[in-house]
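A.B. asks: To convert, count from 1 in the sequence shown and add 28; that's the working numbering.
Below is one structure. I have some questions about it.
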Amino acid sequence: MDARLNFFTSPNAGKAIKHFMAAGKALKESPLPSATQELVALRVSQINGCAVCIDMHTKDAAAAGEAPVRLNLVAAWREATVFTEAERVALELAEQGTRVADAAGGVSDEVWARAVEHYDEEQLIALVFLVSFMNTANRLNIITQQPAGDYEVGQFH
Numbered sequence: 029m030d031a032r033l034n035f036f037t038s039p040n041a042g043k044a045i046k047h048f049m050a051a052g053k054a055l056k057e058s059p060l061p062s063a064t065q066e067l068v069a070l071r072v073s074q075i076n077g078c079a080v081c082i083d084m085h086t087k088d089a090a091a092a093g094e095a096p097v098r099l100n101l102v103a104a105w106r107e108a109t110v111f112t113e114a115e116r117v118a119l120e121l122a123e124q125g126t127r128v129a130d131a132a133g134g135v136s137d138e139v140w141a142r143a144v145e146h147y148d149e150e151q152l153i154a155l156v157f158l159v160s161f162m163n164t165a166n167r168l169n170i171i172t173q174q175p176a177g178d179y180e181v182g183q184f185h
């Protein structure tokens with residue numbers, strides 16, 4: 029499969045991608061735990077069916093020491109016992125924030141209240157931005173049919 033567009037070879041898209049990737053780097057440096065970031069990025073990408081992002085975040089998380097069992101269970105996190113309560117609420121917030129059309133109202137007050145119990149304001153800001161960032165990245169990749177499987181750890185960081 030070949031991508032419809034290559035954002036890195038277009039002068040205009042290249043400028044935008046550079047800034048977009050800088051936003052992603054800033055999120056990586058946020059106070060939200062890196063394991064939570066990778067789990068959330070992976071779950072959002074699974075929901076949206078973004079193969080290239082699933083490839084990237086699975087490989088990055090594994091390289092950072094994430095356990096294979098946790099990566100394999102992200103899609104079924106509700107039934108899995110391997111996630112902390114904080115991670116579970118982050119995954120639920122990510123799902124509701126991604127499925128805004130399906131959720132009819134976005135993130136519920138109940139989920140938000142549980143998130144506030146586990147994350148401080150800076151971490152919540154990072155979590156909200158991460159969900160939004162991943163949804164944008166997924167859409168860019170899906171629309172242009174970016175192929176998956178060739179990602180190398182750290183390639184875009």
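We put the beta carbon where it would ideally sit given N, CA and C, even for glycine.
Measuring only the C-alpha atoms, how far is L155 from M29?
C.D. replies: Taking the first residue of the sequence shown as 1, we reach residue 155 at position 127. Taking the first residue of the sequence shown as 1, we reach residue 29 at position 1. Approximately 32 Å, taken between the alpha carbons.
A.B. asks: Can you tell me whether L33 is buried or exposed, with buried defined as 16 or more other CB within 10 angstroms of its CB?
C.D. replies: For the purposes of this step, residue 33 is identified with residue 5 of the sequence shown, where counting begins at 1. By the 10 Å Cβ count, L33 comes out exposed.
A.B. asks: For K83, name the three-state secondary structure that DSSP assigns.
C.D. replies: As a first step, residue 83 must be located in the sequence shown, where it is residue number 55. Here the sequence assigns Asp to residue 83, which means Lys is not the residue at that position. Three-state result, D83: helix.
A.B. asks: From which residue to which residue does the alpha helix (DSSP H) around G28 run?
C.D. replies: An answer regarding residue 28 cannot be provided, because it is not within the stretch 29 to 185 covered by the chain.
A.B. asks: Assign T112 to buried or exposed, taking buried as 16 or more other Cβ atoms, counted over all protein chains shown, within 10 Å of its Cβ.
C.D. replies: Sequence index remark: in the sequence shown, residue 112 carries index 84 (1-based). Result: exposed.
A.B. asks: Over the uninterrupted alpha helix (DSSP H) stretch that includes M162, give me the two end residues.
C.D. replies: Residue numbering aside, residue 162 sits at position 134 when the sequence shown is read from its first letter. 149-171 is the extent of the alpha helix (DSSP H) around M162.
A.B. asks: Could you tell me the boundaries of the alpha helix (DSSP H) in which F48 lies?
C.D. replies: Working through the sequence shown from its first residue, we reach residue 48 at position 20. Taken as a continuous stretch (DSSP letters only), the alpha helix (DSSP H) holding F48 covers 39-56.
A.B. asks: Are there 16 or more other CB atoms within 10 angstroms of the CB of S73, so buried, or fewer, so exposed?
C.D. replies: Within the sequence shown, numbered from 1, the residue matching residue 73 stands at position 45. Answer is buried; the Cβ neighbour count reaches 16.
A.B. asks: Within this structure, are the beta carbons of E66 and A89 separated by less than 7 Å?
C.D. replies: As a position in the sequence shown, residue 66 is number 38, starting the count at 1. As a position in the sequence shown, residue 89 is number 61, starting the count at 1. Yes, these two residues count as a Cβ contact at 7 Å.
A.B. asks: Could you spell out the range, first to last residue, of the alpha helix (DSSP H) harbouring P96?
C.D. replies: Looking up residue 96 in the sequence shown gives position 68. Counting along the chain, the alpha helix (DSSP H) containing P96 begins and ends at 96-101.
A.B. asks: Where A31 and E145 are concerned, what is the direct C-alpha to C-alpha distance, given to the nearest angstrom?
C.D. replies: Along the sequence shown, read from residue 1 onward, the residue named residue 31 stands at position 3. Along the sequence shown, read from residue 1 onward, the residue named residue 145 stands at position 117. Near 42 Å, if we compare the C-alpha coordinates of E145 and A31.
A.B. asks: Please classify H85 as buried or exposed, where buried requires at least 16 other C-beta atoms within 10 Å of its C-beta.
C.D. replies: Counting from one through the sequence shown, the residue named residue 85 turns up at place 57. Label assigned to H85: buried.
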